[in-house]
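S.K.: There's a structure below that I have some questions on.
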Amino acid sequence: MPSRPIGVDRREFLRLAGAGAGALMLAACGVGGQGKKQATGSALQKEIETYWSGKTKTGQVKWAQWPLYIDVGKNKSDHPSIDQFTAKTGIKVDYYEVIQEDDAFFAKVQPTLSAGQYSGYDVATITNGVYFDKFRELGLLIPLDHSYLTNFAKYAAPAYKHSSYDPGNVYSVPWQSGMTGIAYNTTKVSQPITSFFDLWNPELKGKVGMFGDNEDLPNAALVAMFGDPQQTGPDQWKQAAAKLTAQRKAGIVRQYYQQGYINDLSSGDIWACQAWSGDIFQALESGAKNLKFVIPKEGAVLWTDNLVLLKENKNPVSSMMLMDWYYQPKIAAEVAEYVNYITPVPAAVDVIKSDAAAATGSDKATLEAIVNSPLVFPTTEDYSNLYRYRTLSNAELEVWDNIFEPVYQS
Amino acid sequence: MIARLRASAGPYVSILPGGLWLAIFFVLPLVVMAALSLETGNLIDGFTMTWHWANYSDVLSSYHTQLVRSLVYGGLATLVSIVLAYPMAYWIAFYGGRNKSTYLFLVLLPFFVTFVLRTVAWQFLLGDQGLVLSWLKNAGIVGQDFHVLATAFAVVAGLVYNYLPFMLLPIYVSLERIDGSLLEAAGDLYANRTQTLLRVVLPLTIPGIFAGVLLTFVPAASDYVNASILGGTGQTMIGNIIQTLYLTNSDYPRASALSIVLMAILVIGIFAYARALGTRDVLDAAAA
Chain B
0 MPSRPIGVDR
10 REFLRLAGAG
20 AGALMLAACG
30 VGGQGKKQAT
40 GSALQKEIET
50 YWSGKTKTGQ
60 VKWAQWPLYI
70 DVGKNKSDHP
80 SIDQFTAKTG
90 IKVDYYEVIQ
100 EDDAFFAKVQ
110 PTLSAGQYSG
120 YDVATITNGV
130 YFDKFRELGL
140 LIPLDHSYLT
150 NFAKYAAPAY
160 KHSSYDPGNV
170 YSVPWQSGMT
180 GIAYNTTKVS
190 QPITSFFDLW
200 NPELKGKVGM
210 FGDNEDLPNA
220 ALVAMFGDPQ
230 QTGPDQWKQA
240 AAKLTAQRKA
250 GIVRQYYQQG
260 YINDLSSGDI
270 WACQAWSGDI
280 FQALESGAKN
290 LKFVIPKEGA
300 VLWTDNLVLL
310 KENKNPVSSM
320 MLMDWYYQPK
330 IAAEVAEYVN
340 YITPVPAAVD
350 VIKSDAAAAT
360 GSDKATLEAI
370 VNSPLVFPTT
380 EDYSNLYRYR
390 TLSNAELEVW
400 DNIFEPVYQS
Chain R
0 MIARLRASAG
10 PYVSILPGGL
20 WLAIFFVLPL
30 VVMAALSLET
40 GNLIDGFTMT
50 WHWANYSDVL
60 SSYHTQLVRS
70 LVYGGLATLV
80 SIVLAYPMAY
90 WIAFYGGRNK
100 STYLFLVLLP
110 FFVTFVLRTV
120 AWQFLLGDQG
130 LVLSWLKNAG
140 IVGQDFHVLA
150 TAFAVVAGLV
160 YNYLPFMLLP
170 IYVSLERIDG
180 SLLEAAGDLY
190 ANRTQTLLRV
200 VLPLTIPGIF
210 AGVLLTFVPA
220 ASDYVNASIL
230 GGTGQTMIGN
240 IIQTLYLTNS
250 DYPRASALSI
260 VLMAILVIGI
270 FAYARALGTR
280 DVLDAAAA
């Protein structure tokens with residue numbers, strides 16, 4: 000904890016009057032600076048060796064995950080890919096669908112981890128972006144031992160081995176990726192939506208939903224206006240915020256969503272909205288009609304949810320085995336067939352194709368739709384039109400939040 | 000001697016558990032929050048005490064709209080709650096007969112259902128194509144563009160719905176306590192029913208209303224769930240802002256400053272209100 004200036008008189012009094020206990024609490028809350036200079040090169044190598052030496056396989060893994068983000072068997076709580084893992088390795092997996100938002104999950108486990116306590120989870124699924132960076136900068140992630148990741152080395156798509164947010168996969172391997180695009184109700188919207196700016200159409204007054212967060216809303220607008228968000232600065236941010244504010248002031252936006260947009264879209268309360276690719280695909284599969292997902296012609300945001308090892312891990316080796324398990328094409332295909340997001344294992348497509356060939360009726364149609372869907376297996380051309388979230392330093396983040404928050408917190 | 004000591008220590012021992020509870024879970028965080036509100040920094044580099052009073056002017060200038068809006072929504076919700084709860088409590092207290100406790104249980108019943116389910120029910124009933132509105136629209140009573148969700152009305156109505164029992168119960172208790180012979184006396188003195196209500200019953204239930212207002216207004220003004228689920232654009236309340244500052248931005252100093260501002264406004268407001276009602280002692284009234 001950095002030292003505090005100690006004054007006299009009133010300051011001294013205040014300090015004594017409660018700060019004694021307070022300071023302890025501040026430390027426990029992780030309020031003191033805990034940013035760590037991240038090791039690189041040989042220092043990193045040494046850190047990895049020190050951590051992993053002597054670690055052995057344990058009997059279980061606790062995994063914090065988002066809801067509806069894995070294959071499901073006959074029973075809702077039954078996940079075949081996990082059962083197969085347990086059968087093969089003897090490692091029991093406790094699967095918790097506890098992550099609704101990266102920010103809330105970060106706020107939940109950060110104080111515990113910073114205080115050096117076990118968070119209750121060994122593996123977590125964290126989206127690239129502000130909170131992934133915070134986890135890493137605060138030293139809450141364990142650097143991976145790639146000797147356990149043979150399937151990853153063999154089957155992961157090259158694009159996912161050179162990410163901007165974690166080059167060389169030091170702390171993470173991708174779970175699934177998705178796009179932030181636009182979804183609309185084809186029976187309500189007369190003209191097909193092709194552009195991000197179609198969401199400014201006065202005909203949609205009061206019928207548009209936008210994301211109410213500091214990543215998907217700003218970055219999507221920046222992509223539409225300027226292309227790669229990485230190339231933008233505060234001037235462009237202000238222009239984007241002004242554009243978004245104009246949309247709100249014209250009464251076009253009905254609500255800024257963090258969740259629940261699919262319901263409102265299906266029920267017709269909103270006609271068009273920003274959306275995550277897999278959500279729409281899943282909604283269509285489960286019977287929703289008239290929904291269509293589009294990647295705006297200006298481009299879209301590509302995000303990746305990553306498997307990471309949280310600090311104070313109780314089952315590190317078993318966790319790594321679990322991570323690598325999902326890089327077998329057969330297992331990756333099982334997950335992709337169910338969640339319909341972008342799998343990091345391109346070879347999964349062949350497995351799904353052969354599954355489709357073997358299937359009949361509606362199952363066959365579903366599997367074929369997945370194989371041909373750009374939302375699950377984007378083409379190289381699709382990828383060229385997808386951009387990552389702007390990476391933000393702490394100082395930039397403050398400026399960014401001050402510019403964009405007033406848009407959706409009005 | 001020892002017995003006397005024991006006797007005099009007795010009352011202090013009895014407040015010890017509760018006192019400790021409050022000291023640890025209320026006073027301590029409050030002190031920390033007050034200290035934090037004057038610090039600067041960020042989560043990665045840490046926060047340092049710089050006596051940065053500008054945190055306060057900063058949050059006031061950034062968020063005064065939401066602050067005022069929260070007080071207005073909270074106030075409206077409280078008023079509507081009084082209007083709805085008073086007649087209901089009156090009826091249960093004076094005409095409930097043997098079934099009083101059944102009626103009270105019915106009032107509390109919605110609380111046995113999880114909040115999420117209650118809100119989903121609202122969306123189902125009041126959605127643009129929901130049960131109520133689709134009927135009204137088909138009947139031509141309201142226009143096709145009319146909607147209830149994502150409006151200020153929905154947020155205030157949601158607040159009323161959630162805090163109504165907190166208004167009803169204290170009013171009911173104070174009505175229940177009224178001695179029936181007082182009402183008879185009023186009748187004997189030729190007061191008609193309206194006069195009895197306004198000059199006897201109402202003044203006697205002021206403490207109940209006061210407690211109800213305290214229990215309704217304070218949480219309603221700082222609520223953030225209703226605004227985020229039932230509100231649309233331009234219905235953000237101060238609770239939402241504080242939540243974002245704490246959880247999303249990890250901007251603890253400004254979040255603390257805003258919380259303290261809100262707390263100060265509520266405390267001052269409550270005391271002013273107590274004065275206006277002529278209650279000499281706020282705490283006495285609340286306890287009543």
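Residue numbers (numbering that gives the first Met the number 0), protein chains in the order written: chain B, 0 to 409; chain R, 0 to 287.
Just so it is clear, CB atoms sit at the ideal spot from N, CA and C, and this is done for glycine as well.
Spatial neighbours of B:D165 within its chain, please: CB distance less than 6 Å, with the 5 preceding and 5 following residues excluded, ordered by chain position.
M.R.: If we look at B:D165 and ignore the five residues flanking it on each side, its Cβ neighbours are S171.
S.K.: If contact means a Cβ-Cβ distance below 8 Å, which residues of the stretch 143-162 of chain R contact chain B?
M.R.: Cβ contacts with chain B come from D144, H146, L148 and A149.
S.K.: Which residues of chain R have a Cβ atom closer than 7 Å to the Cβ of B:A103, listed in chain order?
M.R.: Near B:A103 (Cβ distances below 7 Å), the residues of chain R are L246.
S.K.: Helix, strand or coil for B:Y170? Go by DSSP, reduced to three states.
M.R.: Residue state, collapsed to three classes: coil.
S.K.: Kindly indicate which residue of R:G230, R:S221, R:S56 and R:N161 has the alpha-carbon position closest to the one of R:L83.
M.R.: Of the listed residues, the one whose Cα sits closest to R:L83 is R:N161.
S.K.: Assuming R:G268 is part of the alpha helix (DSSP H), what are its boundary residues?
M.R.: That run of the alpha helix (DSSP H) goes Y251 to L276.
S.K.: Ordered along the chain, which non-local residues of its own chain (more than five positions away) have a Cβ less than 8 Å from that of B:G298?
M.R.: Contacts found: V222, A223, G226, N384, L385 and Y386.
S.K.: With a threshold of 7 Å between beta-carbons, can B:D400 be considered close to chain R, or not?
M.R.: Yes, B:D400 lies at the interface with chain R (some Cβ there is under 7 Å from its Cβ).
S.K.: Could you tell me whether the Cβ of R:G128 comes closer than 7 Å to any Cβ of chain B?
M.R.: Per the sequence shown, the amino acid found at residue 128 of chain R is Gln instead of Gly. Yes, because at least one Cβ of chain B sits closer than 7 Å to the Cβ of R:Q128.
S.K.: So, is the C-beta of B:L23 closer than 7 Å to a C-beta in chain R?
M.R.: Confidence at B:L23 is low in this model, with a pLDDT of 40, below 50, so its placement is unreliable and no value can be given for it.
S.K.: Starting from the C-beta of B:V97, find all residues in its chain whose C-beta is less than 6 Å away, skip the five residues before and the five after it, and write them out in chain order.
M.R.: If we look at B:V97 and ignore the five residues flanking it on each side, its Cβ neighbours are A63.
S.K.: For B:D304, name the three-state secondary structure that DSSP assigns.
M.R.: In the structure shown, B:D304 sits in a strand (DSSP, three-state: E or B).
S.K.: With a cut-off of 8 Å on the beta carbons, I'd call R:A92 and R:Y171 a contact; round off their distance for me.
M.R.: Confirmed, about 6 Å.
S.K.: If you draw a straight line from the alpha carbon of B:D234 to that of R:L130, how long is it in whole angstroms?
M.R.: Each residue's Cα considered, the two are about 47 Å apart.
S.K.: Any Cβ of chain R within less than 7 Å of the Cβ of B:R253?
M.R.: Yes - at least one Cβ of chain R is within 7 Å of the one on B:R253.
S.K.: Enumerate in chain order the residues of its own chain whose CB-to-CB distance from R:L203 is below 6 Å, with the five nearest sequence positions on each side excluded.
M.R.: Here the set comprises I177.
S.K.: Please confirm if B:R387 has its CB atom under 7 Å from at least one CB of chain R.
M.R.: Not closer than 7 Å to any Cβ of chain R, the Cβ of B:R387 fails to qualify, so no.
S.K.: Report the option in R:R253, R:S221, R:G211 and R:I241 whose CA atom is closest to the CA atom of R:S80.
M.R.: Looking at the Cα atoms, R:G211 is the closest of the given residues.
S.K.: Pick helix, strand or coil for B:W62, following the three-state DSSP scheme.
M.R.: Strand.
S.K.: Specify, as a first and last residue, the run of the alpha helix (DSSP H) that R:N54 falls within.
M.R.: Note, R:N54: alpha helix (DSSP H), A53 to Y94.
S.K.: Which chain R residues sit within Cβ distance under 7 Å of B:K187?
M.R.: Simply none; closest approach about 11 Å.
S.K.: Tell me the DSSP secondary structure of B:I181 in three-state form.
M.R.: Three-state result, B:I181: strand.
S.K.: Count the other CB atoms, across all protein chains shown, that sit within 10 Å of the CB of R:G207; report buried if there are 16 or more and exposed otherwise.
M.R.: Looking at its Cβ environment, which holds 16 or more other Cβ atoms inside 10 Å, R:G207 is buried.
S.K.: Three-state secondary structure (DSSP) at B:Q116?
M.R.: Of the three classes helix, strand and coil, the one that applies to B:Q116 here is coil, per DSSP.
S.K.: In the structure shown, what three-state DSSP assignment does B:S176 receive?
M.R.: Strand at B:S176.
S.K.: Kindly list the residues whose CB is nearer than 7 Å to the CB of R:A33, restricted to its own chain and excluding five residues on each side of it in sequence; keep chain order.
M.R.: Hits under 7 Å: I259.
S.K.: Between the Cα of R:I267 and those of R:W50, R:E38, R:L70 and R:D44, spot the shortest distance and give me the residue it belongs to.
M.R.: When only C-alpha atoms are compared, the closest one is R:L70.
S.K.: Would you mind sorting B:G21 into buried or exposed? The rule is 16 or more other CB atoms within 10 Å of its CB.
M.R.: Any reading at B:G21 must be qualified, since the residue scores a pLDDT of 41, below 50, and its modelled position is unreliable; no value is offered.
S.K.: Please state whether DSSP places B:F12 in a helix, a strand or coil.
M.R.: In this prediction, B:F12 scores a pLDDT of 36, lower than 50, which makes its location untrustworthy; the coordinate-derived value is nonetheless stated afterwards. DSSP places B:F12 in helix when its eight states are reduced to three.
S.K.: Could you tell me whether any Cβ in chain B is nearer than 7 Å to the Cβ of R:N54?
M.R.: Chain B contact via Cβ: absent.
S.K.: Specify the secondary structure class of B:R387 as computed by DSSP and reduced to three states.
M.R.: Note: B:R387 maps to coil in three-state DSSP.
S.K.: Start and end of the alpha helix (DSSP H) containing B:E397?
M.R.: Here the alpha helix (DSSP H) through B:E397 covers N393 to Y407.
S.K.: Does any C-beta atom of chain R lie closer than 7 Å to the C-beta of B:E395?
M.R.: Chain R, which has no Cβ nearer than 7 Å to the Cβ of B:E395, makes this no.
S.K.: Looking at chain R, is there any beta carbon in it that lies within less than 7 Å of the beta carbon of B:D165?
M.R.: Cβ-Cβ to chain R under 7 Å: no for B:D165.
S.K.: Is it buried or exposed for R:A24, if we count other Cβ within 10 angstroms and need 16 for buried?
M.R.: According to the sequence as given, residue 24 of chain R is Phe; it is not Ala. Burial call: exposed.
S.K.: Check whether chain R comes within 7 Å of B:R135, counting only Cβ atoms and requiring the distance to be less than that.
M.R.: No, because no Cβ of chain R sits closer than 7 Å to the Cβ of B:R135.
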